[in-house]
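Chemist:
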Amino acid sequence: MSLLPFGVLPPYRKRRFVPENVDWNDWSAIEPLFDRLDAAVAKAASAAELERWLLDWSELSAALDEESGRRYIAMTCHTDNAEAEKAYLHFVEEVDPKLKPRQFALQQAFVKHPQRGDLPRARYEVFNRDTVNSVELFRAENVPLETEETKLGQQYQKLNGSLSVNFRGEEKTLIQMGRFLEETDRATREEAWKLVAERRLKEADTFDAQFDELSKLRGQIAANAGFSNYRDYIFRRLGRFDYTVADCERFHSAVETTVVPLLMELQAEWKQKLGVATLRPWDLNVDALGRPPLKPFADVDELLLRSQKLFNRLDGELAGGFQRMRDLKLLDLANRKGKAPGGYLYPLAEARMAFIFMNAVGLQRDVETLLHEAGHAFHWLAMSEEDLYAYRASPMEFAEVASMSMELLGNEFIEEFYHPADAARARRTHLEGIVSVLAWIATVDAFQHWIYTHPGHTHAERDAAWVAIHQRFGSSLHRDGGGVDWSGFEAARAKLWHRQLHIFLHPFYYIEYGIAQLGALQVWVNSKRDRAQALADYKRALALGNSRPLPQLFAAAGCKFEFSEATVRPLTNMIREELAKMG
Ligand SMILES: [Zn+2]
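With my numbering, the residue at position 498 of the sequence shown is 496, and numbering never jumps.
#1: Would you list the one or two residues that DSSP bridges to Thr171?
#2: For ligand 1, list every residue whose C-beta falls under 6 Å from any of its heavy atoms, going in chain order.
#3: Looking at His374: is its Cβ nearer than 8 Å to the Cβ of Ala352?
#4: My parser needs the alpha helix (DSSP H) runs of 4 or more residues fully inside the segment 438 to 475; what are they?
#5: Can you find the residues in the same chain that come closer than 8 Å, C-beta to C-beta, to Arg426, ignoring five residues on each side of it along the sequence?
#6: Entirely within the segment 79 to 151 and at least 4 residues each: give me those alpha helix (DSSP H) ranges in chain order.
#7: Taking the alpha helix (DSSP H) that Tyr342 falls in, what are its first and last residues?
#8: If I'm right that Val365 touches Phe309 with Cβ under 8 Å, what's the distance once you round it to whole angstroms?
#9: Tell me the DSSP secondary structure of Ala352 in three-state form.
#10: With distances taken between CB atoms, is the gap from Leu331 to Met356 smaller than 8 Å?
#11: Using three-state DSSP, classify Asp245 as helix, strand or coil.
#12: Who are the near neighbours of Thr148 in its chain, counting only those whose CB is closer than 7 Å to its CB and skipping five residues on each side?
#13: Please classify Arg334: is it buried, with 16 or more other beta-carbons within 10 angstroms of its beta-carbon, or exposed?
#14: Tell me the residue span of the alpha helix (DSSP H) that contains Asp330.
#15: Could you tell me how far apart the beta carbons of Leu540 and Ala400 are, in whole angstroms, since I believe they sit closer than 8 Å?
#16: Would you mind giving the Cβ-Cβ distance between Gly67 and Leu326, rounded to the nearest angstrom? I have them listed as a contact below 8 Å.
#17: Provide the residue(s) that pair with Val482 in DSSP beta bridges, ordered along the chain.
#18: Can the beta-carbon of Tyr231 be found closer than 8 Å to that of Ala223?
#19: Under the rule that 16 or more other beta-carbon atoms within 10 Å means buried, what is Lys156, buried or exposed?
#20: Considering Cα atoms alone, identify which of Cys557, Arg324, Arg470 is closest to Glu300.
#21: Verify whether the separation of the beta carbon atoms of Phe502 and Gln106 is less than 8 Å.
#22: Would you report the Cα separation of Ile71 and Leu52, rounded to the nearest angstrom?
#23: Tell me whether His250 is buried or exposed, calling it buried when 16 or more other Cβ atoms sit within 10 Å of its Cβ.
#24: Once you ignore the five residues that flank Asn409 on each side, which residues in its own chain have a CB closer than 8 Å to its CB?
#25: In chain order, what residues of the same chain lie with their CB nearer than 8 Å to the CB of Leu215, ignoring the 5 residues before and after it?
#26: Going by CA-CA distance only, name the one from Asp183, Tyr122, Pro8, Ser213 that's closest to Glu49.
#27: Using CA atoms only, rank isn't needed, just tell me which of Asp297, Glu83, Phe32, Asn79 is closest to Lys96.
#28: If the criterion is Cβ atoms closer than 8 Å, does the pair Leu361 and Ile354 meet it?
#29: Over what stretch of residues does the alpha helix (DSSP H) that includes Tyr70 continue unbroken?
#30: Return helix, strand or coil for Ala358, following the three-state DSSP convention.
#31: Ordered along the chain, which non-local residues of its own chain (more than five positions away) have a Cβ less than 7 Å from that of Arg127?
#32: When you compare the CB positions of Leu516 and Leu551, do they come within less than 8 Å of one another, or not?
#33: Measure from the alpha carbon of Glu29 to the alpha carbon of each residue in Val482, Leu104, Arg470, then state which is nearest.
#34: Suppose you measure from the CA of Ile439 to the CA of Ile509; what does that come to, to the nearest Å?
#35: If Val90 sits next to Leu264, beta carbons under 8 Å apart, how far is it from one beta carbon to the other, in whole angstroms?
In structure tokens:
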């Protein structure tokens, strides 16, 4: 497909099971490959034969994954091209639904295979655990319920995306309204914030009803799988073998006792800089000193060049990986007509490379996004030697350590983009963002724990629980000068959780970002002590992919996999000290 920004990328290893020229549009060409895998696993008579079968299966999975990725990339790079859209939709609608049951049948065959117990134990520990889990949790009666759940999620997204307001005579989506919250004129921010809050409140009953349906479905899904509540089910479903509900509660407490006090100090500071008596909900996204946005680069060539220099100074090996991606045109960063919005990283599973998509417009946010996605890309490049497809991946709790660490490590050399004062400003904004986000993650996670362990709650009880949790993690007026004054907007505050897409679409999937941030902060702290050692540990941990359980991935990166105050307090103190140095 010539619609791709990059040229031919040969498979990392020559194919030995998948034919060279498969027509991926044609299910009758794909199906025999699954038939062959079905037959081969039935015949595998030794651990060695079973391992060889796993590699054939890996080869097919990687080829299918890359094909789907190429179509996705072509479509998002050319949203105005009907062919690209058709090719992608064909794969999603015609091929994918046929693949899923075949892939699941292979998992089942593996789980009940007599030679499975003879596979090298340590090597297959994670693969065994994950595959058994997926087979054990499967319930045929949950398939239609999950389809229903997806549909309800789409309805939420549709409603969310359709909301608009009339702002000073112009129709604006709520996303477009976001930038008015960064305006230095306070009256403008207030007007914009109120408009959005009122618009959302008009839909509050609908959002509540959508969520009621979702949580009812989820309760049923859990019951069908033999769990007494959805929280316990989803912990298993998300493969949380290495931490418990109690660990999450320890994270909540640690945020409350260490992060929230720092957030209060920062808010007191913002208040003073802004010169306001109290912080209101519309005062949280503006530069407190009223400065215009930072301008790190003029165009994408400059972004690439300066990023390359930054990586060159950070680490030769990582810089080499970035250079290779540039040479292969695996970075499409410019914002242009016909490109889908946003940014993403897509792994190319067969070439064992990665592609970065962005819509850079010249903001500091773009630099942060590129550092973040580059961290993910370095992860994929680091695992390329791994032949088991399932191990060329990473649990989310660690995948984001790769990317968030790169934001922090890269920021150490952000002078490649700025003179010293602006560099300090960029670093300060980033660290302040981490503090706010940790508090928000604890809020969203604690609320979901409440929801799914209080079946039959009323809307009033749910709102009250949200407000109490929101307050606990610092989002209200505190005696010591920080905090936000919500008076007059109690109704909007009680429904604030309606804005958090994950609560509707990806239940419980959120604390992963908090866990990963603790890992990234530890990598950063280590790098302050000994940068070469911290980077060596980071790269070694990345290379492990998904082959070891989380505590071992964290340990390899030089981090503790532990979320209590003992871990969080020193990290919070480090952020406080760094901020103090910046003045
Ligand atoms: Zn990420």
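C-beta atoms are modelled at their ideal positions from N, C-alpha and C, and glycine is treated no differently.
Modeler: Checking against the coordinates, here is how it stands:
#1: Here residue 171 refers to the residue found at position 173 of the sequence shown. Ser162.
#2: His370, His374, Glu398, Ser401
#3: In the sequence shown, counting from the first residue as 1, residue 374 sits at position 376. In the sequence shown, counting from the first residue as 1, residue 352 sits at position 354. Contact flag set, yes.
#4: 457 to 470
#5: Start at 1 with the first residue of the sequence shown, and residue 426 comes out as number 428. Leu577, Met580.
#6: 80 to 88, 94 to 109, 119 to 135
#7: Numbered from 1 along the sequence shown, position 344 holds the residue referred to as residue 342. Counting along the chain, Tyr342 falls outside any alpha helix (DSSP H), though it belongs to the beta strand (DSSP E) covering 342 to 346.
#8: Walking along the sequence shown from the start, residue 365 turns up at place 367. Walking along the sequence shown from the start, residue 309 turns up at place 311. Not confirmed; about 12 Å, so no contact.
#9: If you number the sequence shown from 1, residue 352 lands on position 354. Ala352: strand per DSSP, three-state reduction.
#10: The count along the sequence shown starts at 1 and reaches residue 331 at position 333. The count along the sequence shown starts at 1 and reaches residue 356 at position 358. Yes. Within cutoff.
#11: As a first step, residue 245 must be located in the sequence shown, where it is residue number 247. It is helical.
#12: Within the sequence shown, residue 148 is the residue found at index 150, counting from 1. Contacts found: none.
#13: Working through the sequence shown from its first residue, we reach residue 334 at position 336. Under this definition Arg334 is an exposed residue.
#14: Your numbering for residue 330 matches position 332 in the sequence shown. Element bounds for Asp330: not the alpha helix (DSSP H) but the beta strand (DSSP E), 329 to 332.
#15: In the sequence shown, counting from the first residue as 1, residue 540 sits at position 542. In the sequence shown, counting from the first residue as 1, residue 400 sits at position 402. With a Cβ gap of about 6 Å, Leu540 and Ala400 count as contacting.
#16: Walking along the sequence shown from the start, residue 67 turns up at place 69. Walking along the sequence shown from the start, residue 326 turns up at place 328. Actually they are not in contact, since the Cβ atoms of Gly67 and Leu326 sit about 15 Å apart, beyond 8 Å.
#17: Numbered from 1 along the sequence shown, position 484 holds the residue referred to as residue 482. The partner list for Val482 (beta bridge, DSSP) reads Leu277.
#18: Here the question's residue 231 lines up with position 233 in the sequence shown. Here the question's residue 223 lines up with position 225 in the sequence shown. Yes, they are a contact pair.
#19: What you label residue 156 is simply residue 158 of the sequence shown in a count that begins at 1. Counting Cβ neighbours within 10 Å, Lys156 comes out exposed, since fewer than 16 surround it.
#20: Here residue 300 is taken as the residue at index 302 of the sequence shown, counted from 1. With distances taken between Cα atoms, Glu300 lies closest to Arg324.
#21: One-based indexing of the sequence shown puts residue 502 at position 504. One-based indexing of the sequence shown puts residue 106 at position 108. Their beta carbons are not under 8 Å apart, which means Phe502 does not touch Gln106 by this criterion.
#22: Indexing the sequence shown from 1 puts residue 71 at position 73. Indexing the sequence shown from 1 puts residue 52 at position 54. One C-alpha to the other measures close to 28 Å.
#23: The count along the sequence shown starts at 1 and reaches residue 250 at position 252. Buried, because 16 or more other Cβ atoms sit within 10 Å of the Cβ of His250.
#24: The sequence position of residue 409 within the sequence shown is 411, counting from 1. Excluding residues within five positions, the ones whose Cβ falls inside 8 Å are Leu369, Ala424, Arg425, His428.
#25: The sequence position of residue 215 within the sequence shown is 217, counting from 1. Once the five neighbours on either side are set aside, the close Cβ partners of Leu215 are Leu143, Glu146, Glu147, Leu150.
#26: Taking the first residue of the sequence shown as 1, we reach residue 49 at position 51. Closest by alpha carbon: Tyr122.
#27: Here residue 96 refers to the residue found at position 98 when the sequence shown is read from its first residue. With distances taken between Cα atoms, Lys96 lies closest to Phe32.
#28: Taking the sequence shown and counting its residues from 1, the one referred to as residue 361 is at position 363. Taking the sequence shown and counting its residues from 1, the one referred to as residue 354 is at position 356. Taking 8 Å as the Cβ cut-off, Leu361 and Ile354 do not qualify as a contacting pair.
#29: Taking the first residue of the sequence shown as position 1, residue 70 is located at position 72. Taken as a continuous stretch (DSSP letters only), the alpha helix (DSSP H) holding Tyr70 covers 45 to 75.
#30: Counting from 1 along the sequence shown, the entry for residue 358 is found at position 360. Ala358 falls in the strand class under three-state DSSP.
#31: Numbered from its first residue, the sequence shown carries residue 127 at position 129. Excluding positions up to five away in sequence, the list reads Phe239.
#32: Reading the sequence shown from its first residue, position 518 is the one you call residue 516. Reading the sequence shown from its first residue, position 553 is the one you call residue 551. Their beta carbons are not under 8 Å apart, which means Leu516 does not touch Leu551 by this criterion.
#33: Walking along the sequence shown from the start, residue 29 turns up at place 31. If we check each option's Cα against that of Glu29, Leu104 comes out closest.
#34: Translated into the one-based positions of the sequence shown, residue 439 becomes position 441. Translated into the one-based positions of the sequence shown, residue 509 becomes position 511. Spanning the two alpha carbons is a distance of roughly 6 Å.
#35: For the purposes of this step, residue 90 is taken as residue 92 along the sequence shown, with counting starting at 1. For the purposes of this step, residue 264 is taken as residue 266 along the sequence shown, with counting starting at 1. Incorrect: roughly 44 Å between the Cβ atoms, too far for contact.
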